[in-house]
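Scroll down for the structure; my scribbles are underneath it.
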Ligand SMILES: C[S@@+](CC[C@H](N)C(=O)[O-])C[C@H]1O[C@@H](n2cnc3c(N)ncnc32)[C@H](O)[C@@H]1O
């Protein structure tokens, strides 16, 4: 396990993923009934952007570092920037667990899984006083079968955000989406993936189309055309069972992020249904 999110926190990919995740969470928060979020690959929860790791890559400078003030913009962008600013941005950047935990009401729960022992220990320490948050040092993929459907709660989100260190990660992700849908049909699933070049993404989408899973929306943001497979040229978030109006809100958010994250005008966004309801 070489991947450490501390090198990448607050980069363009985090902004895209967390901005869209927040839109989903706002939908869940609209109803009084409690919900559960299962975050299968949690990281360590919050990141100091002055750290040696963050300074070494400087990725955040081309992400959250480009938003030094909360701009005029669509509600989705303003909400995201206000929420992360309240959590310390742009000096600190919240990981998915901190962002989710900051929104929980008494009736909601968060289950975090993290396999790296150091990051899992940091996460346990971070949430030691927050009874609604459970942290498990374990494999996030097998956690799906252990924790879905959530006990007592009928609504929720499964966030699957693997490090893509291994060659079979796209295949595992497609399988994890199917497993989540099967075990928690009322839940929403959001699965992040990198775009280095187009072929693996096409195969991933084809595998999902062939799987029989319904109601899949794909959101992607490219910084540039993915012709050089050695670079992270963009990323995507596959959302199963997206909430009402999510498609329109995702479009507004990504349209507002794109000119700042890809100022040379070579970027693009794409939101499309992979499989109908
Ligand atoms: C992309 S990072 C997660 C970032 C986090 N979701 C966020 O948005 O702030 C992926 C994390 O998965 C962890 N990891 C790697 N393999 C794992 C596995 N099989 N199960 C759970 N966690 C794993 C890594 O240690 C790393 O912290």
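Numbering (my numbering), first residue to last: 111 to 387.
Ideal Cβ positions, reconstructed from N, Cα and C, are used throughout, including at glycine.
These numbers were taken from a predicted model, which means no experiment stands behind them.
1) Under 9 angstroms between the Cβ atoms of residue 267 and residue 145?
2) Please state whether DSSP places residue 135 in a helix, a strand or coil.
3) With which residues is residue 329 paired in a DSSP beta bridge?
4) For residue 148, which of helix, strand or coil comes out of DSSP?
5) Out of curiosity, what's the CA-to-CA distance linking residue 361 and residue 168?
6) May I ask whether a heavy atom of ligand 1 can be found less than 8 angstroms away from the beta carbon of residue 135?
7) Just the Cα atoms here: how many angstroms apart are residue 352 and residue 288?
8) Looking at the structure shown, is residue 156 part of a helix, part of a strand, or coil, going by DSSP?
9) Between residue 258 and the rest of its own chain, which residues show a CB-CB distance below 6 angstroms, the 5 nearest in sequence each way excluded?
10) Work out the CA separation of residue 336 and residue 388 for me, nearest whole Å.
11) In chain order, what are the residue ranges of uninterrupted beta strand (DSSP E) at least 3 long that sit wholly in the segment 196 to 272?
12) What are the partner residues of residue 303, as DSSP defines its beta bridges?
13) Does the pairing of the segment 241 to 255 with the segment 120 to 134 give three or more beta-carbon distances under 8 angstroms?
14) Can you tell me the Cα-Cα spacing of residue 143 and residue 262, whole angstroms?
15) Is residue 180 helix, strand or coil when you go by DSSP?
16) Please go through the same chain and pick out, in chain order, the residues whose beta-carbon is closer than 6 angstroms to the beta-carbon of residue 213, but skip the five residues on each side of it.
17) Taking residue 328 as the reference, give the member of 364, 334, 339 with the closest Cα.
18) Got a sec? Which residues, its chain only, sit under 8 angstroms from residue 202 by beta carbon, not counting five neighbours each side?
19) Between residue 154 and ligand 1, is there a pair consisting of the residue's CB and a ligand heavy atom that are separated by less than 8 angstroms?
20) Let me know if residue 393 comes out buried or exposed under the rule of 16 or more other beta-carbons within 10 Å of its beta-carbon.
21) Going by Cα to Cα distance, which pick from 255, 273, 215 is closest to residue 225?
22) Along the alpha helix (DSSP H) that carries residue 290, what are the first and last residues, could you check?
23) Does the distance between the C-beta of residue 169 and the nearest non-hydrogen atom of ligand 1 fall short of 8 angstroms?
24) Rounding to the nearest angstrom, what Cα-Cα distance links residue 320 and residue 165 in this structure?
25) On the criterion of 16 or more Cβ atoms from any shown chain inside 10 Å, does residue 300 qualify as buried, or is it exposed?
26) Between residue 152 and residue 223, which are expected to be in contact by the criterion C-beta below 8 angstroms, what is the C-beta distance as a whole number of angstroms?
Based on what the coordinates show:
1) Indexing the chain shown from 1 puts residue 267 at position 157. Indexing the chain shown from 1 puts residue 145 at position 35. Their beta carbons are under 9 angstroms apart, which means residue 267 touches residue 145 by this criterion.
2) Looking up residue 135 in the chain shown gives position 25. In this structure, residue 135 counts as helix in the three-state DSSP scheme.
3) Residue mapping note: residue 329 aligns to position 219 of the chain shown, counting from 1. Paired residues: 347, 381.
4) Numbered from 1 along the chain shown, position 38 holds the residue referred to as residue 148. Correct three-state label for residue 148: strand.
5) Indexing the chain shown from 1 puts residue 361 at position 251. Indexing the chain shown from 1 puts residue 168 at position 58. Straight-line Cα distance between these residues: approximately 27 angstroms.
6) Your numbering for residue 135 matches position 25 in the chain shown. Not under cutoff, so the answer is no.
7) Here the question's residue 352 lines up with position 242 in the chain shown. Here the question's residue 288 lines up with position 178 in the chain shown. Rounded to whole angstroms, residue 352 to residue 288 spans 15 angstroms at the Cα level.
8) Working through the chain shown from its first residue, we reach residue 156 at position 46. In the structure shown, residue 156 sits in a strand (DSSP, three-state: E or B).
9) One-based indexing of the chain shown puts residue 258 at position 148. Only 293, 294 meet the Cβ criterion.
10) What is shown of the chain runs 111 to 387, which leaves residue 388 out entirely.
11) 202 to 204, 219 to 223, 243 to 246, 265 to 270
12) For the purposes of this step, residue 303 is identified with residue 193 of the chain shown, where counting begins at 1. DSSP lists 346 as partners of residue 303.
13) no
14) Mapped onto the chain shown, residue 143 falls at position 33. Mapped onto the chain shown, residue 262 falls at position 152. Their backbone Cα atoms lie some 11 angstroms apart in a straight line.
15) Taking the chain shown and counting its residues from 1, the one referred to as residue 180 is at position 70. It is coil, neither helix nor strand.
16) Position 103 of the chain shown holds residue 213. 135.
17) The sequence position of residue 328 within the chain shown is 218, counting from 1. The option with the nearest alpha carbon to residue 328 is 364.
18) Position 92 of the chain shown, counted from the start, is the residue given in the question as residue 202. These residues qualify, in order along the chain: 156, 157, 158, 159.
19) For the purposes of this step, residue 154 is taken as residue 44 along the chain shown, with counting starting at 1. Because some heavy atom of ligand 1 lies under 8 angstroms away, the Cβ of residue 154 counts as near it: yes.
20) Absent from the structure is residue 393, since the part of the chain shown begins at 111 and ends at 387.
21) The count along the chain shown starts at 1 and reaches residue 225 at position 115. Measuring from the Cα of residue 225, the nearest candidate turns out to be 273.
22) Sequence index remark: in the chain shown, residue 290 carries index 180 (1-based). That run of the alpha helix (DSSP H) goes 279 to 293.
23) Locating residue 169 in the chain shown gives position 59, where the first residue counts as 1. It does not: the Cβ of residue 169 is nowhere closer than 8 angstroms to a heavy atom of ligand 1.
24) The residue given as residue 320 occupies position 210 in the chain shown. The residue given as residue 165 occupies position 55 in the chain shown. Cα-Cα distance, rounded: 43 angstroms.
25) As a first step, residue 300 must be located in the chain shown, where it is residue number 190. When all chains shown are included, residue 300 counts as buried.
26) To locate residue 152, count along the chain shown from 1; it is residue 42. To locate residue 223, count along the chain shown from 1; it is residue 113. That pair is a contact at about 6 angstroms.
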